[in-house]
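Here the structure comes first, spelled out in structure tokens, and everything after it is commentary.
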Amino acid sequence: MSFRTVLGKSLVVASSTVAVLGMGVLAAAAQSQPPINVVINQSPWLEGFASIVEEYEDETGNRVSLDVNPYAGSLEKQRNAVRSDKSEFDLLIVNGIFYPEMYHGGFLEPLTKIDPDFELDPQIYTYGDTPWFDAETKTVNRETGDLLTVPVNPNITLLYYRKDLYDEKGLTAPETFEELLENAKLFHNPPEMYGIVQRASRAAVSVTWDFFPYINGYGGSFFQDESIGDYVVTINSEAGRKALEMYITLAKEAGPENTASLTQGDLIQFLVTGKAAHSVLPVAAWAQMDDPNKSIIPGKIDYATLPHADGFASTPALGHWLAGIPKNLDDAQKVAALEFLKWFQKPETQIAYAELGGAPVSSAAYESDFAEKPENRYMLAMRTASPQAKGLWTIPEGAEIAAITELGLNRAVAGEITVVDALNSMAKDMEKVLSDAGYKTGRLPDLK
Amino acid sequence: MTSVQLGWMPKYGSLFPAIVFFLALAALPVANLLFLSFMEISWEGGVVQREFVGLENYAALADDPLLKAGISNTLILVVVATSCQVALGLALALACSSLGNSSRLYRTLFILPILIPGIIIGAIWRLMYNFQFGIINQGLDLLGIPAIDWLGSPHLALASVIVVDIWHWTPFSFLLLLAAVEGLPKDVSEAAKVDGATAWQEFRRVSLPLLWPAIVTTFIFRAVIAFKVFDEVFLLTSGGPGTATEVISFTIYQRFFLQDNPGYGSAISVAVIFSVALVIAIALQMQNRREATR
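Chains D and W, in that order, are what the protein sequence lines are.
Using our numbering, the letters of the first sequence correspond one by one to residues 2 to 449.
Using our numbering, the letters of the second sequence correspond one by one to residues 12 to 305.
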């Protein structure tokens, strides 16, 4: 081997070594944070969230692993994590129905305690100011509370309806419950087509969430005035009766026989197989409607904000998701988790999140050109619906209240008990839960 | 040969490891459950708060509509499903035993359902029972029979769950009873046949009395397992519609875990443990008396 050959080979080896080492150094520099572990539930919006997480990993070199569980399993894992000496999860994706127990239990670290300069991006929707909690007054309060979470998914409910069928009949999206009933009956032709499919099964929170826009849409409520701590139970009001009667009338006159056992998955199945004209679903389900691999009706579903009774406002149910950081973590893990949230809430990330099939939480996405494209028509409905959405409750006894309403509403839909018996018994049981927990409560006189 | 007289120390000392295991694995968890059942547990500032509430949690059992429905449905499920499983298991065991070695394929097929995880069984049967798309209703449609709401009807849902439980657990009874049938002394049956007994008389007067202890044991084992039914209900109906398929394990799961009420959940658990133990003790006592009078 000549000297020149040896020299040449040595140079190649040396330069390769330098290149490999250099890449390693670059990768190490890019990965500025330790890996984080996120506990999240299996929902229709998971795919979009997982895609945006991949973007984060590609862009920053930081690693994020998702621990995906069914709804109740995710809640249980979160409870176990925050109650142990050290949480196994760095970021909790908390449901908008069960977040109060995380707040009241004092399990989440105020985000400004991790980084005093951290602020919620002004374009992020705040969904009833639920990211803030005042530990002194035990209330959700933007003015006096600590910022505990960042919204990650809007998940409010929209009316999904068959635009092609509406166009054929020259109809427009229903604005009132009466119009919805009329239109649903018009298309009801079982077993080929059901006028409406409703999520009336009993679960952790299922029929309660589906019914909530009805009682609010008739001017009723679960409690007298939660904002001032008045927890007198009002579910058994005249508005409650009208709402539940309408809910059951829709099921009986325009729904399948097994409405009382339908889950969210069933509703999506009905729509994508072209067997339902209407349904109320969280916004995240939109991605499956137009996917030709999952749907035989791509492009035929349109979206509207939920109907209401004459003289009252539309009230979609908030079932949004919030990301919080447990207190029982090392500081480095808290910082790493917050880094992800900082990146996630950026306007450009939110637009990318929408493009990847997610449901963004920023007006930056809903007001972007992307929202104007026909394939993203759900975003136009979201513009209207988002400011009108309302949460079910802000107290940690939500799980106990949900157990009562799930049972009572489901029994009424199944025909086990009457509307009046269901409302009166739910009111009585809710009052007991609230009274035992020390709230100022009571209940309306029983309906006759 | 001279015998060595051991003192009490080695005798009782040899039991020590077993006692430690029993305390660690059975007695302590139950004692902890008992302790929790007198408490109200909450969380404040990330710290657990325990408040002694005496018998309050036990007093609340009487007013719990879910628990009442759970007890009645569980009892129905235990009695109906276990009886059917033992009867079917015995019939299959007798049939397989009479076939001798040629029954091997059948034995393998019969035990398959018990090998499938509960979650898969739930998924399979939920699809089969599906009102709109399920294979059962599609089959009925071919016969001109209208679709039946197997899981959504309050009148049919529990029966549908029981059918799944029978399908899932009959192999358990089959296996236990097959061992008993194979262990029957052949000479007694042959003597009965020589004496002119018909097949039914031979079964009724000879085999059944000999198999009775095994049948009772199988029934008790199976009933104890059936009492704990959870996965099938969770996956098929979640206790609904209404309370049509609510069972005790599901009530405990909801009260203890979903509603995050460990005190009350523990009270239900303790009450159930002692009730089941009492039933088993009574059943065994009756069996022992029957044995003693024979």
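Using N, Cα and C, we set each Cβ at its ideal position, and we do this for glycine too.
For residue 252 of chain D, same chain residues with a beta-carbon under 7 Å away, outside a window of 5 residues either side, are 199, 201, 260, 414 in chain order. Annotation for residue 447 of chain D: 425 place their beta carbon closer than 6 Å to its own, counting only its chain and skipping 5 residues before and after. Residue pairing of residue 54 of chain W in beta bridges, as defined by DSSP: W:59.
Not one beta carbon of chain D lies nearer than 9 Å to the beta carbon of residue 180 of chain W. Around residue 285 of chain W, the same chain offers no residue with a beta carbon nearer than 8 Å, after the five sequence neighbours per side are excluded. With respect to the C-alpha of residue 154 of chain D, the residue from D:171, D:111, D:213, D:49 having the closest C-alpha is D:49.
Residue contact with chain W for residue 202 of chain D: present (Cβ-Cβ distance below 9 Å to some residue of chain W). According to the DSSP secondary-structure assignment, residue 280 of chain D is paired through a beta bridge with D:161, D:198. Counting only runs of 4 or more residues that sit fully inside the region 122–172 of chain D, the alpha helix (DSSP H) segments are 164–170, in chain order. Counting along the chain, residue 127 of chain W sits inside no alpha helix (DSSP H), nor does DSSP assign it H or E at all. Not flagged as an interface residue toward chain D: residue 277 of chain W, since no C-beta distance is shorter than 9 Å. Assignment of beta-bridge partners to residue 324 of chain D by DSSP yields D:94, D:151. For residue 444 of chain D, the enclosing beta strand (DSSP E) stretches over residues 442–444. Taken in chain order, the whole alpha helix (DSSP H) runs of length 4 or more contained in the region 211–278 of chain D are 239–255, 265–273.
At a cut-off of 9 Å between beta-carbon atoms, residue 415 of chain D makes contact with chain W. Among the residues of chain D, those whose CB is under 7 Å from the CB of residue 270 of chain W are 400, 401, 404, following chain order. Proximity of the region 274–288 of chain D to the region 32–43 of chain D falls short of the contact definition, fewer than three beta-carbon pairs being nearer than 8 Å. Taking 8 Å as the upper bound for CB-CB distance, residue 232 of chain D and residue 441 of chain D are in contact here, some 6 Å apart. Check the Cα spacing between residue 107 of chain D and each of D:390, D:325, D:367, D:361: the tightest is with D:325. Within the model, the alpha-carbon separation for residue 244 of chain D versus residue 212 of chain D is close to 8 Å.
Of all alpha-carbon atoms in D:438, D:312, D:224, D:327, the one lying nearest the alpha-carbon of residue 85 of chain D is that of D:327. Residue contact with chain W for residue 75 of chain D: absent (no Cβ-Cβ distance below 9 Å to any residue of chain W).
Of all alpha-carbon atoms in D:140, D:388, D:344, the one lying nearest the alpha-carbon of residue 56 of chain D is that of D:344. Residues of chain D with a Cβ closer than 8 Å to the Cβ of residue 249 of chain W are, in chain order, 202, 203, 204. Residue 61 of chain D and residue 209 of chain D do not touch by the CB rule: their CB atoms are close to 39 Å apart, not below 8 Å.
For residue 33 of chain D and residue 121 of chain D, the gap between their C-alpha atoms comes out near 22 Å.
Taking the Cα positions, residue 174 of chain D is about 15 Å away from residue 158 of chain D. Under the DSSP definition of a beta bridge, residue 318 of chain D partners with D:391. Separation of residue 352 of chain D and residue 361 of chain D (C-alpha to C-alpha, rounded to the nearest whole angstrom) is 7 Å. Comparing C-alpha distances from residue 240 of chain D to each of D:142, D:256, D:217 shows the shortest one belongs to D:217. Residue-level contact check: residue 79 of chain D does not touch chain W, since none of the beta carbons of chain W fall below 9 Å from its beta carbon.
Here the region 127–147 of chain D makes contact with the region 383–399 of chain D; the two share three or more CB pairs at distances below 8 Å. Along the region 104–115 of chain D, the positions whose C-beta sits under 7 Å from a C-beta of chain W are 106, 107, 108, read in chain order. For residue 305 of chain D, DSSP records a beta bridge to D:160.
Under the three-state reduction of DSSP output, residue 82 of chain W falls in the helix class. At a beta-carbon threshold of 7 Å, the residues of chain D lying near residue 160 of chain W are 258, 259, ordered along the chain.
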